[in-house]
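Chemist: Numbering (the working numbering), first residue to last: 242 to 476.
Here a beta-carbon is modelled for each residue, glycine too, at the ideal position from N, C-alpha and C.
Below you'll find the structure I mean.
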Ligand code: PGA
């Protein structure tokens with residue numbers, strides 16, 4: 242179990258460098274002076290934005306995640322981004338196996354396992370996104386040594402970006418199923434999490450992965466305030 246709840250903002254392929262900086266500066270304005278002992282905020286921008294926001298994220302005491310990593314080490318793999326390529330930026334986490342990667346980029350459980358291995362070899366914590374449709378196939382190819390070093394993110398694809406967030410019962414049930422494969426590793430939920438429902442997910446998980454509600458900083462601040470049990474600041 243994580244002591245602090247992990248709140249991960251997944252920007253996907255949104256934001257220019259200027260928009261990214263504007264977001265981070267607004268976060269600094271609000272959270273530069275609010276102690277956040279019970280949560281750790283993590284931002285997962287597109288690769289080119291990692292250096293843009295790295296220093297500001299550090300001053301906020303937040304963490305950086307990459308949205309993907311090459312299944313191979315550094316080498317002759319044109320177009321790939323290896324963990325070595327961003328090793329100087331203080332990235333601590335990497336999203337692996339997001340359903341959008343599995344669906345639009347044909348990522349197989351085998352490739353996802355290679356990415357998990359790359360992350361672990363490079364001292365990054367893999368945030369492994371998985372749901373009922375991918376759990377068994379992923380279980381078949383992951384080593385138990387690698388599984389025990391992952392953070393599992395339950396991401397039912399029908400809940401992503403739809404407003405159809407999963408029930409707490411589903412989340413608890415999936416957690417038990419995932420534990421058969423990964424052991425009792427930290428467990429997050431993702432899929433239409435917002436400021437209205439984050440509180441209940443944090444009761445049954447170690448954190449959340451947030452897409453849509455992380456894009457606008459005013460909304461993300463409301464989400465974090467809800468996670469901290471604070472009244473909204475009216476931004
Ligand atoms: P959503 O996305 O919050 O927009 O549902 C979650 C995700 O894809 O990680």
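If you draw a straight line from the C-alpha of residue 259 to the C-alpha of residue 269, how long is it?
Modeler: Going from the Cα of residue 259 to the Cα of residue 269 covers about 15 Å.
Chemist: Residue 314 to residue 471, Cα distance in whole Å?
Modeler: Approximately 44 Å between the Cα atoms of the pair.
Chemist: Report the rounded CA-to-CA distance for residue 456 versus residue 253, giving the unit in angstroms.
Modeler: Cα to Cα, residue 456 sits roughly 9 Å from residue 253.
Chemist: In three-state DSSP terms, what is residue 345?
Modeler: Here residue 345 sits in helix by DSSP.
Chemist: Return yes when the Cβ of residue 337 is within less than 7 Å of the Cβ of residue 364, no when it is not.
Modeler: Cβ atoms of residue 364 and residue 337: not closer than 7 Å.
Chemist: For residue 381, count the other beta carbons within 10 Å of its own beta carbon; 16 or more makes it buried, fewer makes it exposed. Which is it?
Modeler: Per the 10 Å Cβ criterion, exposed.
Chemist: What are the complete beta strand (DSSP E) segments, minimum 3 residues, inside the stretch 421-475?
Modeler: Listed in chain order, they are 428-431, 448-451.
Chemist: I'd like to know whether the C-beta atoms of residue 412 and residue 450 end up nearer to each other than 7 Å.
Modeler: Not in contact: residue 412 and residue 450 (Cβ atoms no closer than 7 Å).
Chemist: Looking at the structure shown, is residue 364 part of a helix, part of a strand, or coil, going by DSSP?
Modeler: It is coil, neither helix nor strand.
Chemist: Could you pull the start and end residues of the beta strand (DSSP E) that residue 281 belongs to?
Modeler: 280-285 is the span of the beta strand (DSSP E), which, as asked, contains residue 281.
Chemist: Residues in its own chain within less than 6 Å of residue 435 by CB, not counting five upstream and five downstream?
Modeler: Closer than 6 Å at the Cβ level, and outside the excluded window around residue 435, lie 454.
Chemist: Let me know the secondary structure DSSP gives residue 400 once reduced to three states.
Modeler: Helix at residue 400.
Chemist: Following a CB-centred definition, is residue 439 positioned closer than 6 Å to any heavy atom of ligand 1?
Modeler: Result no, Cβ not under 6 Å from ligand 1.
Chemist: Mapping DSSP to helix, strand and coil, what is residue 477?
Modeler: In this structure the chain extends from 242 to 476, so residue 477 is not present and cannot be described.
Chemist: Decide if residue 251 is buried, meaning its Cβ has at least 16 other Cβ atoms within 10 Å, or exposed.
Modeler: Buried.
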